[in-house]
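Take any residue in the sequence shown, note its place counting from 1, add 3, and you have its number in our numbering. Ideal placement from N, C-alpha and C gives every residue a C-beta, glycine not left out. What follows is one structure encoded as structure tokens, with my remarks underneath.
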Amino acid sequence: MKKLIIAKNIGFCFGVKRAVETSEKLLEKIPSLDTVGDIVHNPLVMEKLKSKNLNVCNSIKEIKGKYFLIRTHGLSRKEIEELKNRKIKIFDMTCPFVKKIHYLVENLNKKGYHIIIIGNKNHPEVLGIKGYGEKINIIEKEKDIFYCKKNKMEKIAIIGQTTLNFSFFLRFIEIILKKIKAKEVLIYNTICKVTEEREEEGKEISKKVECVLTLGGKESSNTKKLFEICKKICENTFYIEKISDLSKINFKKFKSIGIISGTSTPNFFIKEVIEYLKKI
Ligand code: SF4
């Protein structure tokens, strides 16, 4: 008999759940709904939503419909203003944790702080946050600090992308503090605990089992990170995006299996995987 350990922190996180459920409800009432970028980085969920008339645009310029949903990553103030001017009805599903950062940046900006965001320069969440301040630098790699140093900074405030690993965030703060001299420095912990908790649980499970299944879309950065962390501990860690991926694994070899997932993995998929394993 095989042992199966299922992570406690599994399936959609609170922000994604809210955005997906709202889209589903809206699509039952309105003819079509536009969004910029995938609401969730999971092809199974996106396929379902698109079949119900969710239009995924690349930028707000492409929007043709009357209804628009802001995904969890949020949008810049300028983009929201543009949508309002075009009389488009907005359903704002920006995750409250991200929204809090928007208010924070706006407030710090008014007080004249130079804001440093530690995060991925091209990530939609970071680009959205950038739109709430004026003097902003994004630090993704150590060399980015060099460009910061070019600007004279009296007062700085450091924040991080919500999905950053906390130790990574601390390491960068340390480097920034060594390299940038400012009279006043404020540091805000803006990291969402959800991904961190999953990584910690993933590590624990990986130590206990012979095989780990990481469920989630290939485009989901938090699932990718989770997979990489667990793979370092348990070499038989597999990335499962669709049910057919399971047929490539020889489960006979393993006495114990762990199941973990990213924040954009739907429950129906997790159940399907568990059913598959029960059958074998
Ligand atoms: S991971 Fe955290 S910040 Fe991102 S959508 Fe989920 S709850 Fe919100």
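Distance between residue j and residue i (C-alpha atoms, nearest Å)
{"i": "G134", "j": "E31", "result": "32 angstroms"}
{"i": "H126", "j": "I66", "result": "20 angstroms"}
{"i": "K146", "j": "E177", "result": "14 angstroms"}
{"i": "I283", "j": "L72", "result": "41 angstroms"}
{"i": "L218", "j": "I236", "result": "17 angstroms"}
{"i": "F94", "j": "K255", "result": "48 angstroms"}
Residue(s) in a DSSP beta bridge with residue i
{"i": "H117", "result": "I159"}
{"i": "F169", "result": "DSSP lists no partner for F169."}
{"i": "Y70", "result": "K92"}
{"i": "I142", "result": "I121"}
{"i": "F241", "result": "L216"}
{"i": "D248", "result": "Per DSSP, none; premise fails for D248."}
{"i": "C60", "result": "V39"}
Contact test: residue i Cβ vs the ligand SF4 heavy atom, cutoff 8 angstroms
{"i": "P99", "result": "yes"}
{"i": "N225", "result": "yes"}
{"i": "F254", "result": "no"}
{"i": "T166", "result": "yes"}
{"i": "T266", "result": "yes"}
{"i": "C16", "result": "yes"}
{"i": "T198", "result": "yes"}
{"i": "V215", "result": "no"}
{"i": "T25", "result": "no"}
{"i": "V48", "result": "no"}
{"i": "T38", "result": "no"}
{"i": "T240", "result": "no"}
Beta-carbon spacing of residue i, residue j below 9 angstroms
{"i": "M49", "j": "T75", "result": "no"}
{"i": "V215", "j": "L249", "result": "no"}
{"i": "K158", "j": "I141", "result": "no"}
{"i": "G131", "j": "S79", "result": "yes"}
{"i": "F15", "j": "V23", "result": "yes"}
Option in the options with minimal Cα separation from residue i
{"i": "N61", "options": "K245, N45, G40", "result": "G40"}
{"i": "I120", "options": "L167, P99, N88, K64", "result": "L167"}
{"i": "T240", "options": "N225, S224, I262", "result": "I262"}
{"i": "P34", "options": "K53, F175, R21, Y191", "result": "K53"}
{"i": "N270", "options": "K6, I8, K20, L7", "result": "K20"}
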